[in-house]
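Chemist: Got a structure for you, questions after.
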Amino acid sequence: MDIALFASMLLLGMLIGKKNLAPKWLIRNSDKALTITIYVLIFLIGLEIGSYKEILSNLGNIGIKAVLIAFFSTTLSAYLTKVLSERRF
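Just remember that our numbering sits 7 ahead of the position in the sequence shown, which is counted from 1.
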């Protein structure tokens, strides 16, 4: 259900953008709003992870590799989102 909702919202946004139905101020500021939203999302993910005591206590068992993979995949996702949002197709 969630994936269908995500895909529907993406397609709706693309349709609205293609038909120029969105207000100009929204289009002009969408990159800033997207960047802020990504930062908030990353913060909330960190907050969620930090609230699980068993994850933090087993961090040594999980290993530095898992932490690095999570960190770099999140960072790379945020970077690519920013780069792609600045590109005009």
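Positions of the beta carbon are idealized from the N, C-alpha and C atoms, including for glycine.
Return the residue from the list S92, R94, D9, T88 that minimises the CA-CA distance to I49.
Modeler: Answer by Cα proximity: T88.
Chemist: Less than 7 Å between C-beta atoms, sequence neighbours within five positions excluded: which residues of the same chain meet that for A29?
Modeler: Counting only Cβ-Cβ distances below 7 Å, and skipping sequence neighbours, we find I23.
Chemist: First and last residue of the alpha helix (DSSP H) that includes N68?
Modeler: Start and end: 66 to 69.
Chemist: At a cut of 8 Å, does the segment 30 to 37 reach the segment 65 to 83 through at least three beta carbon pairs?
Modeler: Flag = no, the segment 30 to 37 and the segment 65 to 83 do not touch.
Chemist: Helix, strand or coil for N27? Go by DSSP, reduced to three states.
Modeler: Residue state, collapsed to three classes: coil.
Chemist: Thinking just about the alpha-carbon of each residue, which of A77, N27, K25, T42 is nearest to the one in V90?
Modeler: Minimum Cα distance to V90 is reached at T42.
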